[in-house]
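To start, the structure under review is shown below, and the notes come after it.
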Ligand code: FES
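In my numbering, the protein residues as written are 928 to 1186.
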């Protein structure tokens, strides 16, 4: 059995560096398995976050050989030979070792008015299949925040965070804004206060998404066109809701008014 060398970033908010761990390779392992073996045998104080080990909770995100990936879904035998580096996501503050503080994302989420359906008609709601499928595409998100991590608008510019929601939340906004039964209006929010215009669609977010959501093509690009041109109404896409429903501003939504 061959050996494997892991270079894992160890440190805290004050600073840190990579430390090397050599151990025997085991067949079928993913990066998270190896990190757990290091915890069990060499570094019991090594901090990492994980939960499902099935690519569904989004908590084990890290930068593996410089690329954001889920540790639990990255097979060791598919990485190039040589040391494997594992580092915390750079866009978020380090708590310790591989654990970052991703609370920025939850603060953004709190600012987005929730889905608000109209009063239920006697015959019940009916949605077209195309509207169901569009929402499902965005709801595949597991909130691993790797798209947020690679977005250069906040990765390289901490000062942009108060003004920018990031790709994960642009698709959340797209999901809500294109829902034909939703009555809230978040266009001014996404345009003026969540910085949609700062995105220049480099598609890094789409490339790293473990659920293969077309974040830019199906979410951000149509969203940009939608908030710039209120009459934009491509067939079967954004604009369906505005043609059908009265809308409420975030302030009206927060006040709980119904229009
Ligand atoms: S542990 Fe849940 S996605 Fe990796």
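By construction, the Cβ of each residue, glycine as well, lies at the ideal position given by its N, Cα and C atoms. As the structure is a computational prediction, the values presented were derived from the model and not from experiment.
Nonlocal neighbours in the same chain, by C-beta distance under 7 Å from residue i, ignoring five residues either side
| i | result |
| --- | --- |
| residue 1006 | 992 |
| residue 1028 | 1019, 1020, 1022 |
| residue 1002 | 957 |
| residue 997 | 982, 987, 988, 1071, 1137 |
| residue 995 | 988, 1016, 1073, 1076, 1077, 1135 |
| residue 1151 | 1123 |
| residue 946 | 935, 937 |
Proximity below 8 Å, CB of residue i to CB of residue j
| i | j | result |
| --- | --- | --- |
| residue 1209 | residue 933 | With the chain covering only 928 through 1186, there is no way to say anything about residue 1209. |
| residue 1121 | residue 1101 | no |
| residue 1193 | residue 985 | Beyond the ends of the chain as shown, which are 928 and 1186, falls residue 1193; an answer cannot be given. |
| residue 1065 | residue 1039 | no |
| residue 1138 | residue 1037 | no |
| residue 929 | residue 949 | no |
| residue 1126 | residue 1147 | yes |
Cβ shell of residue i (< 8 Å), same chain only, five flanking positions each side left out
| i | result |
| --- | --- |
| residue 1106 | 1042, 1058, 1062, 1168 |
| residue 1088 | 1031, 1081 |
| residue 1009 | 932 |
| residue 1181 | 1040 |
Which of helix, strand or coil DSSP assigns to residue i
| i | result |
| --- | --- |
| residue 1124 | helix |
| residue 1145 | helix |
| residue 1091 | coil |
| residue 1108 | coil |
| residue 1133 | helix |
| residue 1029 | coil |
| residue 1083 | coil |
| residue 1024 | coil |
Residues of its chain near residue i, where Cβ-Cβ distance is below 6 Å and the 5 sequence neighbours each way are ignored
| i | result |
| --- | --- |
| residue 970 | none |
| residue 1024 | 937, 973, 974 |
| residue 1096 | 1035 |
| residue 1162 | Low local confidence applies: a pLDDT of 42 at residue 1162 is under 50, so the model's placement there is unreliable, with the coordinate-based value given in what follows. Nothing meets the Cβ criterion. |
| residue 1118 | 1154 |
| residue 1187 | Here the chain covers residues 928 to 1186 and nothing more, so residue 1187 does not appear. |
| residue 976 | 986, 1026 |
| residue 978 | 984, 986 |
| residue 1130 | 1143 |
Item to complete: Within the segment 934-1022, note down every full beta strand (DSSP E) run reaching 3 residues or more, in order along the chain.
Response: 942-951, 988-991, 994-997, 1011-1014
Discussion item. Would the segment 1110-1117 count as touching the segment 1073-1080 if we require 3 or more Cβ pairs under 8 Å?
Written reply: no
Discussion item. Within 8 Å, do at least three Cβ pairs link the segment 1039-1056 to the segment 1092-1107?
Written reply: yes
Fill in: Continuous alpha helix (DSSP H) assignments of at least 4 residues falling wholly in the segment 1026-1068
1030-1037, 1056-1066
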